[in-house]
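Taking the UniProt record's numbering, the leading residue of the sequence shown gets 1, the next gets one more, and so forth.
Think of the CB as a built atom: it goes at the ideal place given N, C-alpha and C, for glycine as much as any other residue.
Predicted model, so just to flag it, every value in this text is computed and none were measured.
Accompanying notes for the structure given below.
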Amino acid sequence: MPKQAYSRREFVTTTLATGFALAVLPDAQATVINTPLDGLVAGEVKIPVAGGDMPAYRAMPDGAGPFPTVLVVQEIFGVHEHIRDVCRRFAKAGYLAVAPELYARQGDVSKLPDVKSIVDTVVSKVPDAQVMDDLDKTVAWAKGTGKAATDKLGVTGFCWGGRITWLYAAHNPKLKAGVAWYGRLVGEAKPPITPRHPLDVVAELKAPVLGLYGGADNGIPNDTVEQMRAALKTAGKPSEIVLYPDMPHGFHADYRPTYRKEAADDGWKRLLAWFKQHGVN
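Given below as structure tokens:
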């Protein structure tokens, strides 16, 4: 994926928010997964990137390493408690997982009241080129710790991060594999912020991506999923898409009403198998 210029900005967010984002406080009836910290090293770290230090959450086994490495790319709600717990789940499976706060220059979404204000105020101003570079810098930081086997590199992301997962697989030739959870596949080109979308970069994919999508996702029509599947086949790319019938957007998010345990568990098993199959283990 070609690099695009973007303006360097000072950081608005210098530390991670605590708990869940205001716009998505846990559903009253949700059984929120809370992965214990025993046997892990986990917490906030700072990653040197263009313009300053970006806050991130890192979790890994308490051991010598180096560990296979996974970039965890946030939902539109930032690196809140759900994303941090996903990192801990990876650490329990033997990975070093790191989730950089990729909106840190544009704003703190954790205190915004709803999705519209998050998109309008922050997310719509985050350039893809900035995100690609920040993820590259995150990999470099991980390698520098001596704990990360970055030759065994994977990426996964949810919603906003699902789209980024596809783009990063077209960007980084050293990536081994990606898993995209219900990330948007098509869209209007809006340079310099979002000049291209996953369907536009299929021919440039440098690593196999497993796409996990919901058949009842109101924001990602099934026909766009089928367009992507057809494009992958035409390009001869070893990527796959699983479309779960009747599943809504956000079916992995255990703290929200959209959570569907069976599909979420199946998707996680597929993710671990995909990473193992493609050398992220």
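Query: Using a threshold of 8 Å, state whether the C-beta atoms of E81 and G162 are closer than that.; Result: no
Query: Run through DSSP, which three-state label would R9 get?; Result: coil
Query: Can you list, in chain order, the stretches of the alpha helix (DSSP H) that have 4 or more residues and sit fully within the stretch 72 to 151?; Result: 81 to 92, 115 to 121 and 128 to 144
Query: Is D128 buried or exposed, if buried means 16 or more other CB atoms sit within 10 Å of its CB?; Result: buried
Query: CA-CA distance, K46 and A142?; Result: 11 Å
Query: Would you mind sorting G154 into buried or exposed? The rule is 16 or more other CB atoms within 10 Å of its CB.; Result: buried
Query: Select from L25, A169, E188 and D120 the residue whose C-alpha is nearest the C-alpha of V70.; Result: A169
Query: Within 10 angstroms of its Cβ, does Q130 collect 16 or more other Cβ (buried), or is it exposed?; Result: buried
Query: May I have a chain-ordered list of the beta strand (DSSP E) segments no shorter than 3 residues that lie completely inside the stretch 166 to 214?; Result: 177 to 181 and 209 to 214
Query: For I47, which three-state DSSP category applies?; Result: strand
Query: For the stretch 84 to 91 against the stretch 29 to 42, do three or more pairs of beta-carbon atoms, one drawn from each stretch, fall closer than 8 Å, so that the two count as touching?; Result: yes
Query: Alpha carbons only, please: which of D53, P195, A28 and A148 is nearest the one belonging to V12?; Result: D53
Query: Excluding the 5 residues flanking Q277 on each side, which residues of the same chain have their C-beta closer than 6 Å to its C-beta?; Result: none
Query: Determine the DSSP secondary structure at A231, reduced to helix, strand or coil.; Result: helix
Query: Could you spell out where the alpha helix (DSSP H) holding G267 opens and where it closes?; Result: K261 to Q277
Query: Is V202 near the ligand MN - that is, is its Cβ less than 7 Å away from at least one heavy atom of it?; Result: Annotation note on the ligand MN: not contained in the displayed structure, which lists no ligands.
Query: Would you say G215 and H249 are within 8 Å of each other, going by their C-beta atoms?; Result: no
Query: Return the residue from the list L96, V72, R196 and T224 that minimises the CA-CA distance to A64.; Result: L96
Query: Taking only three categories from DSSP, how would you classify T224?; Result: helix
Query: Buried or exposed: which applies to N34, given that a residue is buried once 16 or more other Cβ atoms fall within 10 Å of its Cβ?; Result: exposed
Query: Given a cut-off of 8 Å, decide if G178 and A207 are closer than it, judged by their beta-carbon atoms.; Result: yes
Query: State the Cα-Cα distance for the pair K3 and A263, rounded to the nearest angstrom.; Result: Low per-residue confidence applies at K3: pLDDT is 46, beneath 50, and the placement is therefore not dependable, though the value from the model is reported in the following sentence. Taking the straight line from one Cα to the other gives about 36 Å.
Query: Which residues in the same chain have their Cβ closer than 8 Å to the Cβ of L22, if we skip the five residues on either side of it in sequence?; Result: S110, K111, L112 and P113
Query: My understanding is that W160 touches E75, with C-beta atoms under 8 Å, so please give their C-beta distance in whole angstroms.; Result: 6 Å
Query: Would you identify the three-state DSSP class for Q4, choosing helix, strand or coil?; Result: The predicted position of Q4 is uncertain, since its pLDDT is 46 and thus under 50; no value can be drawn from it.
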